[in-house]
Structures are given as structure tokens and as C-alpha cells.
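**Q** Reading the sequence shown from the start, the letters are residues 127 to 344 in my numbering.
We treat Cβ as the ideally placed atom computed from N, Cα and C, and that holds for glycine.
No experiment lies behind these values; they were computed from the predicted model shown.
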Amino acid sequence: MDTTQRTDQERSADRRRRELLEAADRVVLRDGPGASMNAIAAEAGITKPILYRHFGDKGGLYAALAQRHTDALLDSLRAALDAPAERRERVEATLDTYLTAIEARPQVYRFLMHPAEAGQPGDQPGDQGFDVGKHSAPLLRRMGEELGKVIEDRLDLGPDSHRLARVWGHGIVGMMHAAGDWWLGERPCTRAELVRSLADLLWGRLAAAGDKVGGPGF
Numbered sequence: 127m128d129t130t131q132r133t134d135q136e137r138s139a140d141r142r143r144r145e146l147l148e149a150a151d152r153v154v155l156r157d158g159p160g161a162s163m164n165a166i167a168a169e170a171g172i173t174k175p176i177l178y179r180h181f182g183d184k185g186g187l188y189a190a191l192a193q194r195h196t197d198a199l200l201d202s203l204r205a206a207l208d209a210p211a212e213r214r215e216r217v218e219a220t221l222d223t224y225l226t227a228i229e230a231r232p233q234v235y236r237f238l239m240h241p242a243e244a245g246q247p248g249d250q251p252g253d254q255g256f257d258v259g260k261h262s263a264p265l266l267r268r269m270g271e272e273l274g275k276v277i278e279d280r281l282d283l284g285p286d287s288h289r290l291a292r293v294w295g296h297g298i299v300g301m302m303h304a305a306g307d308w309w310l311g312e313r314p315c316t317r318a319e320l321v322r323s324l325a326d327l328l329w330g331r332l333a334a335a336g337d338k339v340g341g342p343g344f
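Shown next, in the form of C-alpha cells:
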């Protein structure tokens, strides 16, 4: 097989994978954590064995959807951090971006963070007892590392800046996740009120830190 044929096949496989993920997204938007492999295969117009061939099992499909949505969320968070505004405004905009994302697509959020534990009709036996922590923890860890890198690139945190930036990154992501999860379930206040309260919690040390020399600023 020559390089051109291989490239065409790879493009075709990538396109087919995107189509399957878009079908999965439609089912998740409708069914949330109850989305089953059976329903996703039906939405895509294929048989379950074909779906399993592309993703292996429900965990493989989950990982692909998690990467897809995390990539989009990280792009939005970076845009909020890069906006031409005062630091406090950008902190609030970043928090609001995360909360807006989970509020706009709560079924997707619940699928990613609270997958149904008992599995669904039509899933294979290996899909039963879907392990939430095994799959959601890497998603949050990736966001924490990404935010830590942003903080290290932008703020002067002294001689131990690398470690401290990672602590802050994971701490802020953990705070956003826990507070957002609680807020989405109970709605005890408006999104704007939650954003202000979380920004107040973060603001003391963030306000005191200077911008890193030669960095893009924070």
C-alpha cells in the first residue's frame, strides 16, 4: 500500500470516528448518563459490533468524548484568560466560562462526571459497573496540569514557582468542579453570584502575585 492510499484510509477512518462521536453526542444530549452503546449505535445507523470495533468498550467511547469536550473547554478557558481585561475580570471570566459550559450542556456534564454505574441495556458485560473515578479523574487532572502551566507562564511565584503553580492549578480546578457540581444540582444562587464568591476566595493571593517578566501577563 502506498503512502497516498494509507493517508486516504486514515482520513476516512478519522472522518468516520468524528461521525460516530457526533452521533454519541446527540444521544448523550438526550439521555445523559443513561446513554447506552445500543442507543448510540442505532443513532449512528450501525451495529454494536462496529461501534465496539472503533472504541473497544464504553470506557473507550467515554475517553474519546471526554477528550473532545475537554479540548473545547480548554480552548474556551484559554480565550477567557487571554482577553484584554483587568486580572480580576479575567479570573471571573474564566470561572464563568467553566460554569457556563456545564450549565449549557448539563447532560453531557453528567455523562462525563456521573456515568450510570449499573450500565445500560445492550451494553456488553464488561461495560457494567462503569467506573466513574477511573475515567473522570484523568479529565480533571489534565485540566489541572493545563491551568498550572498557564499560571507558571504568567505569574512570578518565587523560587518554587513550578510546584506552587501546579498546586494552584489543581486546586482551582478542584474548586471549580466541586462548586460547579453542587451548584448545577441545587441551584442555590445565580451563576454570577457563584462566580463572584469563588473569585473572592481566590483573589487575595492572585491579586498579590506579580506578572512574570517576559510572560504574557495574568
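Are Arg143 and Glu218 close, meaning C-beta to C-beta below 9 angstroms?
**A** Result no, Cβ atoms of Arg143 and Glu218 do not sit closer than 9 angstroms.
**Q** Just the Cα atoms here: how many angstroms apart are Pro342 and Asp286?
**A** Within the model, the alpha-carbon separation for Pro342 versus Asp286 is close to 20 angstroms.
**Q** At the level of alpha carbons, what is the spacing between Asp337 and Asp279?
**A** 9 angstroms
**Q** Since Ser287 is in the alpha helix (DSSP H), which residue starts that stretch and which ends it?
**A** Ser287 to Glu312
**Q** Excluding the 5 residues flanking Ala244 on each side, which residues of the same chain have their C-beta closer than 6 angstroms to its C-beta?
**A** The predicted position of Ala244 is uncertain, since its pLDDT is 41 and thus under 50; a value taken from the coordinates is nonetheless stated next. Taken in chain order, the list of residues that qualify is empty.
**Q** Using a 10 Å radius around the Cβ and a threshold of 16 neighbouring Cβ atoms, would you call Ile176 buried or exposed?
**A** exposed
**Q** I'd like to check one pair, Ala205 with Leu147: are the Cβ atoms closer than 9 angstroms?
**A** no
**Q** In whole angstroms, give me the CA-to-CA distance for Thr95 and Gln135.
**A** Limits of the chain in this structure are 127 at one end and 344 at the other, which puts residue 95 out of reach.
**Q** Could you tell me if Leu327 is buried or exposed, where buried requires 16 or more neighbouring beta carbons within 10 angstroms of its beta carbon?
**A** exposed
**Q** Sort Ala334, Gly185, Leu265 and Glu229 by Cα distance to Trp309 and report the nearest one.
**A** Glu229
**Q** Round the Cβ separation of Phe344 and Leu281 to the nearest angstrom and send it over; I've been treating them as touching at under 8 angstroms.
**A** 5 angstroms
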